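Note sheet for the following structure.
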Amino acid sequence: MLGTIINSVAILIGGTVGLLLRKGISERFKQTVMQGLGLSVFVIGVSGALKTENMLVVIFSIVFGGIMGEALEIEEKLEVLGRWMEKRVGKGEGLVAKGFVTTSLIYCVGAMAIVGALESGMTGNHETLYAKSLLDGVSSVIFASTLGLGVLLSSVSVFIYQGLITIAAGSLADLLTEAVVIEMSAVGGLLIIGISMNILEIKKVPVGNLLPAVFIPVFYPLVQPAAQYFLQIIEVFL
């Protein structure tokens with residue numbers, strides 16, 4: 000858990016610095032910076048998604064993960080939680096919920112979050128999470144300067160999310176082959192592209208409802224024969 004704890008603290012520190020800088024940045028500069036961040040997030044997502052070695056796994060994961068997420072209404076629950084936090088600590092900013100949801104997803108669905116937490120749990124190696132802590136800490140300065148207090152609150156999401164993966168990693172070691180981890184990272188990259196579209200206000204993508212897709216590759220080897228049969232049926236009709 001050490002890597003996850005340091006990651007959460009880095010976001011808190013970076014976010015605090017961003018809040019202190021916030022009042023000195025005009026709205027025009029904030030908007031430009033957010034657009035730049037959106038483009039950067041898009042590139043990160045594309046680079047992660049292209050690592051897939053089996054596109055069928057990605058498609059299968061997105062479809063069934065999306066169904067699960069819609070049934071659980073994850074996106075709505077995240078927004079409700081964000082609005083609740085906004086009422087408690089937001090002081091009428093209006094951006095707390097957006098900052099919390101946006102940065103929680105960015106910091107949680109990326110490849111480094113998944114791979115780093117798995118390494119931490121299975122081998123005790125925290126190097127990936129240390130590197131992620133540095134990146135998240137720096138980016139949280141920028142995000143907090145534009146999105147406000149919600150960015151700091153995302154440190155709680157990171158702690159819970161990565162912590163649970165770290166704890167579960169030992170018991171899932173047999174299922175977490177290199178191929179499975181690669182596809183988990185690829186799905187995470189695709190979700191990051193969705194986040195970038197939200198930041199750039201191109202199209203509202205319910206990334207929260209797609210979050211279960213990241214974990215579907217863990218179980219894909221168990222249902223792969225059925226998925227291939229399903230694909231063959233589709234090809235017949237096409």
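Each residue of the sequence shown is one higher than the one before, starting from 0 at the first, in numbering that gives the first Met the number 0.
We put the beta carbon where it would ideally sit given N, CA and C, even for glycine.
All figures in this text were calculated on a predicted structure; none of them were measured in a lab.
If we call anything under 8 Å between Cβ atoms a contact, is residue i one with residue j?
i    : j    : result
T145 : K29  : yes
G65  : A212 : yes
T127 : G136 : no
I191 : I43  : yes
G47  : A185 : yes
S156 : S103 : yes
G163 : G68  : Correcting the residue type first, residue 163 is Leu in the shown sequence and not Gly. In this structure, G68 does not lie closer than 8 Å to L163 by Cβ.
T31  : S119 : no
For residue i, tell me which candidate among the options has the shortest Cα-Cα distance.
i    : options                 : result
L189 : Q161, C107 and F99      : C107
E200 : L133, E78, K50 and G35  : G35
V16  : I105, V150, G37 and L49 : V150
I215 : V57, V204 and S7        : V57
M111 : Q161, A9 and V8         : Q161
Roughly how many angstroms lie between the CA atoms of residue i and residue j, to the nearest whole one?
i    : j    : result
M121 : A168 : 6 Å
K97  : S39  : 18 Å
K76  : V217 : 25 Å
F158 : I232 : 42 Å
M33  : A130 : 23 Å
G147 : M0   : 27 Å
S139 : I12  : 8 Å
I113 : T165 : 9 Å
S60  : S154 : 26 Å
F142 : G37  : 11 Å
Tell me, to the nearest whole angstrom, how far the beta carbon of residue i is from that of residue j; I am working on the premise that it is less than 8 Å.
i   : j    : result
M84 : V100 : Not quite, the Cβ-Cβ distance comes to about 10 Å (not below 8 Å), so this is no contact.
Compare the C-beta of residue i against all C-beta atoms of chain C and say whether one is closer than 8 Å.
i    : result
P205 : Going by chain labels, chain C is absent from the structure shown, which holds only one protein chain.
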